[in-house]
Structure formats: structure tokens, C-alpha cells
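Colleague:
There are 2 protein chains.
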Amino acid sequence: MATRQVTVKDIARRLRLHYTTVSKALRDHPDISSATKQRVLALAEELDYHPNSIAKSLKNQSTCTLGVIVPTIKNDFFSAVISGAEEVAYDREFNTVVCQSNESAEREAVALRTLISNRVAGVLISVAQTTTSGSGFRALQRQGIPLVFFDRVCDDIEADRVVVDDVGGARRVVEHLIERGYRTIAHAAGPPNTSIGRDRCRGYLDALRAHGLDGDEKWIVHGGFEEADGTAALGAFRSRGPMPDAIFAVNDPVARGIHAEIKRSGLTIPRDVAVAGFGDNRLSAYLDPPLTTVSQSPYEIGKIAAAMLLRRIDEPSHQCLCETEVIPTQLIVRKST
Amino acid sequence: MATRQVTVKDIARRLRLHYTTVSKALRDHPDISSATKQRVLALAEELDYHPNSIAKSLKNQSTCTLGVIVPTIKNDFFSAVISGAEEVAYDREFNTVVCQSNESAEREAVALRTLISNRVAGVLISVAQTTTSGSGFRALQRQGIPLVFFDRVCDDIEADRVVVDDVGGARRVVEHLIERGYRTIAHAAGPPNTSIGRDRCRGYLDALRAHGLDGDEKWIVHGGFEEADGTAALGAFRSRGPMPDAIFAVNDPVARGIHAEIKRSGLTIPRDVAVAGFGDNRLSAYLDPPLTTVSQSPYEIGKIAAAMLLRRIDEPSHQCLCETEVIPTQLIVRKST
DNA sequence: TTGAAAGCGCTAACAA
DNA sequence: TTGTTAGCGCTTTCAA
Numbered sequence: 001m002a003t004r005q006v007t008v009k010d011i012a013r014r015l016r017l018h019y020t021t022v023s024k025a026l027r028d029h030p031d032i033s034s035a036t037k038q039r040v041l042a043l044a045e046e047l048d049y050h051p052n053s054i055a056k057s058l059k060n061q062s063t064c065t066l067g068v069i070v071p072t073i074k075n076d077f078f079s080a081v082i083s084g085a086e087e088v089a090y091d092r093e094f095n096t097v098v099c100q101s102n103e104s105a106e107r108e109a110v111a112l113r114t115l116i117s118n119r120v121a122g123v124l125i126s127v128a129q130t131t132t133s134g135s136g137f138r139a140l141q142r143q144g145i146p147l148v149f150f151d152r153v154c155d156d157i158e159a160d161r162v163v164v165d166d167v168g169g170a171r172r173v174v175e176h177l178i179e180r181g182y183r184t185i186a187h188a189a190g191p192p193n194t195s196i197g198r199d200r201c202r203g204y205l206d207a208l209r210a211h212g213l214d215g216d217e218k219w220i221v222h223g224g225f226e227e228a229d230g231t232a233a234l235g236a237f238r239s240r241g242p243m244p245d246a247i248f249a250v251n252d253p254v255a256r257g258i259h260a261e262i263k264r265s266g267l268t269i270p271r272d273v274a275v276a277g278f279g280d281n282r283l284s285a286y287l288d289p290p291l292t293t294v295s296q297s298p299y300e301i302g303k304i305a306a307a308m309l310l311r312r313i314d315e316p317s318h319q320c321l322c323e324t325e326v327i328p329t330q331l332i333v334r335k336s337t
Numbered sequence: 338m339a340t341r342q343v344t345v346k347d348i349a350r351r352l353r354l355h356y357t358t359v360s361k362a363l364r365d366h367p368d369i370s371s372a373t374k375q376r377v378l379a380l381a382e383e384l385d386y387h388p389n390s391i392a393k394s395l396k397n398q399s400t401c402t403l404g405v406i407v408p409t410i411k412n413d414f415f416s417a418v419i420s421g422a423e424e425v426a427y428d429r430e431f432n433t434v435v436c437q438s439n440e441s442a443e444r445e446a447v448a449l450r451t452l453i454s455n456r457v458a459g460v461l462i463s464v465a466q467t468t469t470s471g472s473g474f475r476a477l478q479r480q481g482i483p484l485v486f487f488d489r490v491c492d493d494i495e496a497d498r499v500v501v502d503d504v505g506g507a508r509r510v511v512e513h514l515i516e517r518g519y520r521t522i523a524h525a526a527g528p529p530n531t532s533i534g535r536d537r538c539r540g541y542l543d544a545l546r547a548h549g550l551d552g553d554e555k556w557i558v559h560g561g562f563e564e565a566d567g568t569a570a571l572g573a574f575r576s577r578g579p580m581p582d583a584i585f586a587v588n589d590p591v592a593r594g595i596h597a598e599i600k601r602s603g604l605t606i607p608r609d610v611a612v613a614g615f616g617d618n619r620l621s622a623y624l625d626p627p628l629t630t631v632s633q634s635p636y637e638i639g640k641i642a643a644a645m646l647l648r649r650i651d652e653p654s655h656q657c658l659c660e661t662e663v664i665p666t667q668l669i670v671r672k673s674t
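Chains as they are written, first to last, in the working numbering: chain V, 1 to 337; chain S, 338 to 674.
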């Protein structure tokens, strides 16, 4: 135990062969006679040889590793995306290393540097809430490492993207509220510096406008993506006068905060206030009443994003024309509206 | 773009220094004059130099990477464990690569081989449901790579472990059922080849025995860890005669399957049948009625397991004395019992 | 204080 | 068919 790991040289020495011969034999190179190959393979097995992919990567100047950076993996959505991406990577014998930014731009930058240093073949990223500039991502591109954004994208940078139809999904759910007869519809919006925050807000406003309902600034409150932000948002609405008929939250956690706070204050959902979210988290179906929301297909997003990234890795040539894949959403109507 | 990444040699050439001098300067080696260091650092910055950790790893014969293998990351418990582990690793500037076995022993073996090939410094693992032998793990140890099991351990192998007090937790929740007056208490057990399946079943039997309630074989049904296994278990109980008073499930997803199926069949929880789980998944508090369960601290488990692993990595010397850390559990009583 | 040489494990190109 | 040489980017040891 704790003995140095066995290398091609160890095998070569024991077989009185040159180590390059062993190397070729192990990779089933046509040069080598099948008799030799068998001897080599047998001894490799016996000695418990494991090829050193670090050395291989150094030699090949490339790794078979995809980096993934997400705000957190403790989140239905991101963990499903990662699963999807990993699945695709696995089929191509690529590894996946996952980093969490914890919504911190600084930590995201560290992750980025680490991935560059590890010479990953490509990076999938959903940007942190506090990230304001795309300069860190440009560093990746300067190193020739392809980059695919998913879900939360960075606008000031040219790169492939996989996003859900945030504007459309938001519009759809707000239209649903309008159809149900709600008239003063508030929006617990996300951080305005995030793409999904902006887009979902735009969808909300689009829907109102399309139905001749003026969007009133006082019915929009910006916050983060957590449950606590929902609680805070409700407080803000309350302080601004009478309660709205309905509230559309930027995502399900925020909706959950609102949902809980409304119930806590003795009001009834949806009779007094209707609530809708975005994202269709696992939990949302179990709330009482269950939450109306918009489903995005995270597993699919992961698969598509990884496939896109692998395509870029395969053909680094036409680096210029960036694609944006928009994944359609689905309105999930439940009892909260 | 797509230009070769810059190396110490590039910096050296531009500065008319030897590349080893640059290497030392970058690492702030005392040999080098501060004037030179500054020039090197400045140019490194300007040229966007990123050290190649692959080369470094090859040279040092070691990486700063921890491998983590879990059945799936789409699971509260495992994703929280990973978060905890990553946190500890991050503080020590270690990377974390996460692999999913999807509960398949074969895929787990592939992950193990990959991690060995990538010469990770250590491995954290919670074994797949279908893994029967520990031989794959022994391969790791033969390579001198330390291994820490968490939650689902492998008994026929000597290694560090971090487990929750499965026996105690199960006993505690079953005792709670007995105290509430339930008498025929069934157990939807896990796969008998998993450590947690066996231990939770043992805790269940211990509690019954301690209170003079004979464990009857017909009240134990073995299955997997998924919601569907709960549905199946309830079917099995039903076919064996009248319903039990209470059912203790090996984990929360299984309890959820049972919970839903009981409601579907028109019975009331806990009046007709009480249900308890294990694990305190996020969802469980939101069921109607909310699920009584046992909380294990996954984030803590991850932190402790990673710390244990790092200690082993730091001091590979006393490889023999293996520790087992048992994390206490907490009974969470809710309305389902 | 800086430079030179060697080597980590592997592969590719070429030579025998 | 097998062997030789060189080099990937870095660090370590020793020499200048």
C-alpha cells in the first residue's frame, strides 16, 4: 500500500520491452503484434495499471473535462441541469467538474480561474446573482476555452446560450391571471442585473400592456431569488396600500415566501390574493394550495447545453456565429390562482 | 483567440530570463529579487498567464482534487452533503469532482476508474444500491488513494466512515410510534444489501422488541429507495391482510409513496394509518399531513467527511486505524403520526 | 541572484 | 514489429 502507482515503464521493464511499445500495445495500436499486446494487457491487469490521464492531458494539450459553474447545487433546477449535462458528457467519455458560486461573483471568478488552470475543454455556466461584468468570462474565451451560458446568461459577451423562454413564460402566466379575472397584478421581480430577472419582468409588463392594464411601478418590487425575498416583497406591497389581487413571483422560492406570508397573515389563497411562480420546483406541487407556475425542462436544458458545448469543442473553427437555443416553457395551472 | 496558452517560457523569453527563474518568481520564491518578481508578475498579468495545474500535478505526483461519488445529485440529501464537502475542500483550495452512479454498480466502477486515472487525492463515496462487493474500492486503496464512505457504506472493507445513527434514529421514531399507541407497526424496508437498509430495519426491530411487540415478518417488505417502492410496499401490506396501524419507511421518498397511496385509497393519515419516514427531505414538511421523520444533518456530514478525507491525505502514514464517525439524528414529529 | 539539467508519464514521429 | 528521441509545462536540485 501507498506504493508508487504503476506506469508503462514498470510494465515494460518486467516484459523487457520498450515503454513506448507498451504504450502502443495498451492503446491497441496496429503496429504491435497481438502476442505482445496480450502479454502487455495481461501484465497491466495483474499489476493493476491505471493510465495516468494527467500525463496524457499534458501531452495532448487537452483534457476530456467539462466545467460547470452553478450558483448552488442545492436546487432542483440546477441539479437537474447538471444531471442532464453529465449524462451527455458521460456518453462522450467526458468528465464533469461542478463548482458552486454561492451567488458570489468573487467565488465565481475563483472557479473560473481554477477551471482555466485545469485546462477544462469547455465550461457551462449559469451566472451568479452578484455578477455584473462579463470580463471574467472573456478570460476563458481568450484561452480558447468555449463557453455556454444556460438559464442566467451574461449579455455583454458573445457566447452560446441555452435559455428558457423567460419572456414568453412570464407573459403566459400573467395572461392566465388576467383571464382568471385578476386585475391588479403585482410582480415580485428578481435582481434587475440578471437576465432572467429582466426577462420575466418584461413578460409581465408585456402581458399587462397587451390587455390594456397599465403596469404601475408601485406593483413591482425587486429582490433576490430566495424565499426570504418573497417575504420581504410581500411586506413592501403591504406598505404601498391595499393588497393586489394577484402576485407573480420571479421564481418558485420567492413565490413560496409570499405564499407562506399570505397564509400567515390570515388571508386565503387564491380568494384574497392569487400567487404564481416560475420554475416548477419539486416542492411547488405540494404547497397548500399548490402553486401555479411555469415549467422549464432543466434536464433537457442540461443535455442541450452540454451537446452544444461538445460541438464547440469538436470544431473550434467557426467560433464566431453564436447560437442561442430557447427552450419553450409550459404553464402549470394549480390551485393557487 | 484560440492562440496557444501562455507558459512560463513565454514570459521568460520576453523578459530575457530563464524560465525556471520565472517559475520561481511566480511562486514568490525567496531566491528571486523583488525587482525581478515584479517584472514577472506584471508581465504574467499582462499576458493573461494561468498556471497549468496539469503540469504541476504531473510533476508533483499529486492533485488537489477530491472525487465524490453519489447515487444522484437530484436529491436533497446528497446535494447538501456535496455542498458541505465542497465548502471544506474549497477552504483548503481543493477542487471537487462529482460523479453520479445512478444507483448502478457498473457506472460506479467506471467513475472509480476515472477518478483513479485522474489521480484524485481522495474519494468520498456513498455506494450505489446495486453494489454488492467492495472490490472496486479496494482498487482505490491499492493505489494509495484514501477513501471515506458516507451514509451508505460498504462493510467488507476497511475505511473511514461517516454515517448517521441509523439504528438509533430508526429505533427512536418507532418508539415514538409505540408511545403514540400504535401497535401493529409495519416497515417498508430498504434493500437488504445496503447498510442503511439493514441498520434502519434493525432499529425498527430493536424498538419493537424493547416494548414487547414481536416483529412479525409479514410486516416487513423490502424494496428500493424511491417513491415507487413505497407505492409497491403499500400494495404488499394490503395483500397480507388488514392494514397495519402505522408504517415506518426506510426513507422519505418511500414514505411519500406510501403517504400518497394511502390518501388515494381514501384512508386518513394518521387516523387510519400513521406514516413516518427517515431523512427529513425538504418536501416532507409540505405534505398534507406533514411527515414525521428523522433528520440527519447532510451538510454537516459532508463537512465532516471531507475533513476526515483531507486529514488522511495530509498524513497518509497511519493508514490502518480507521475511524467511524456517527452523526446523531433528530426526531422530527409532525402530523402524520 | 540567476541559470542549467533532469524528470514527472505519456504519445507522436521517426529510425532500426 | 519494436525501439529511439523529443517534448507537453512545471518544479527541484544543483551549478554558476
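We put the CB at the ideal spot given by N, CA and C, even for glycine.
#1: Under a CB-based cut-off of 7 angstroms, is S:Ser416 close to chain V?
#2: Using a Cβ cut-off of 9 angstroms, pull out every chain V residue sitting near S:Leu395, in sequence order please.
#3: Quick check on the DSSP output: the alpha helix (DSSP H) that includes V:Asp91 runs from which residue to which?
#4: What are the boundary residues of the alpha helix (DSSP H) that V:Gly325 is part of?
#5: On the three-state DSSP scale, how would you describe V:Met1?
#6: Where S:Gly459 and S:Phe487 are concerned, what is the direct C-alpha to C-alpha distance, given to the nearest angstrom?
#7: Alpha carbon to alpha carbon, what distance is there between V:Gly169 and V:Gln330?
#8: Going by Cα to Cα distance, which pick from S:His548, S:Asp582, S:Ala565 is closest to S:Ala597?
#9: Using three-state DSSP, classify S:Phe585 as helix, strand or coil.
#10: So with CB distances below 7 angstroms, who are the chain V contacts of S:Ala476?
#11: Please report the straight-line C-alpha distance between V:Arg113 and S:His387, rounded to a whole angstrom.
#12: Looking at chain V, which residues of the stretch 449 to 476 of chain S have a Cβ within less than 8 angstroms of any of its Cβ atoms?
#13: What are the boundary residues of the beta strand (DSSP E) that V:Leu331 is part of?
#14: On the CB-based measure, 16 or more other CB atoms within 10 Å of its CB, does S:Gln398 come out buried or exposed?
#15: Can you confirm whether S:Asp428, when its beta carbon is compared against all beta carbons of chain V, has any partner nearer than 7 angstroms?
#16: What span of residues does the beta strand (DSSP E) with S:Lys538 cover, start to end?
#17: Hey, S:Ala525 and S:Ala583 are a contact pair by Cβ (cut 8 angstroms); roughly how many whole angstroms apart?
#18: Is S:Gly473 helix, strand or coil when you go by DSSP?
#19: Among V:Cys322, V:Val326, V:Ala306, V:Val153, which residue has its Cα nearest to the Cα of V:Glu87?
#20: Would you kindly check if the distance between the Cβ of V:Arg200 and the Cβ of V:Asp155 is under 7 angstroms?
#21: Examine chain V for any beta-carbon lying closer than 7 angstroms to the beta-carbon of S:Leu620, and answer yes or no.
#22: Between V:Asp156 and chain S, is any beta-carbon pair separated by less than 7 angstroms?
#23: If you draw a straight line from the C-alpha of V:Ser338 to the C-alpha of V:Val153, how long is it?
#24: Alpha carbon to alpha carbon, what distance is there between V:Glu103 and V:Ala249?
#25: Could you list which residues in chain S have their beta carbon closer than 7 angstroms to that of V:Asp288, in chain order?
#26: Helix or strand or just coil, what does DSSP make of V:His259?
#27: From V:Val127 to V:Ala42, what distance separates their C-alpha atoms?
#28: Distance cutoff 7 angstroms, beta carbons only. Does V:Val97 sit that close to anything in chain S?
#29: Which of the three DSSP states, helix, strand or coil, is assigned to V:Thr114?
#30: 7 angstroms is my cut-off, CB to CB: does S:Cys659 come that close to chain V?
#31: Kindly indicate the opening and closing residues of the alpha helix (DSSP H) around S:Asp347.
#32: Run through DSSP, which three-state label would S:Lys672 get?
#33: Taking the C-alpha atoms as reference points, what is the distance between S:Asn412 and V:Phe77?
#34: Nearest chain V C-beta to S:Ser632 closer than 7 angstroms, yes or no?
#35: What does S:Ile410 touch in chain V if you count any residue whose Cβ is under 7 angstroms from its own?
#36: Mind checking which residues open and close the beta strand (DSSP E) that includes S:Ser632?
Modeller: Taking the coordinates as given:
#1: yes
#2: Asn52, Ile54, Ala55, Ser57, Leu58
#3: 76 to 91
#4: For the sequence presented, residue 325 of chain V should be read as Glu rather than Gly. First-last for V:Glu325: 324 to 327, but that is the beta strand (DSSP E), not the alpha helix (DSSP H).
#5: With a pLDDT of 40 at V:Met1, under the threshold of 50, the predicted position of this residue should be treated as unreliable, and no value is reported.
#6: 13 angstroms
#7: 7 angstroms
#8: S:Ala565
#9: strand
#10: Asp48
#11: 8 angstroms
#12: Arg450, Thr451, Ile453, Ser454, Asn455, Arg456, Ala476
#13: 330 to 332
#14: exposed
#15: no
#16: The sequence given here places Cys at residue 538 of chain S; Lys does not occur at that position. From DSSP, S:Cys538 is part of no beta strand (DSSP E) but of the alpha helix (DSSP H) over 532 to 547.
#17: That pair is no contact at about 11 angstroms.
#18: helix
#19: V:Ala306
#20: no
#21: yes
#22: no
#23: The requested residue 338 of chain V is not part of the displayed model; chain V covers only 1 to 337.
#24: 19 angstroms
#25: Asp625
#26: helix
#27: 48 angstroms
#28: yes
#29: helix
#30: no
#31: 345 to 352
#32: coil
#33: 11 angstroms
#34: no
#35: Ile73, Ser79, Ile82, Ser83
#36: 630 to 632
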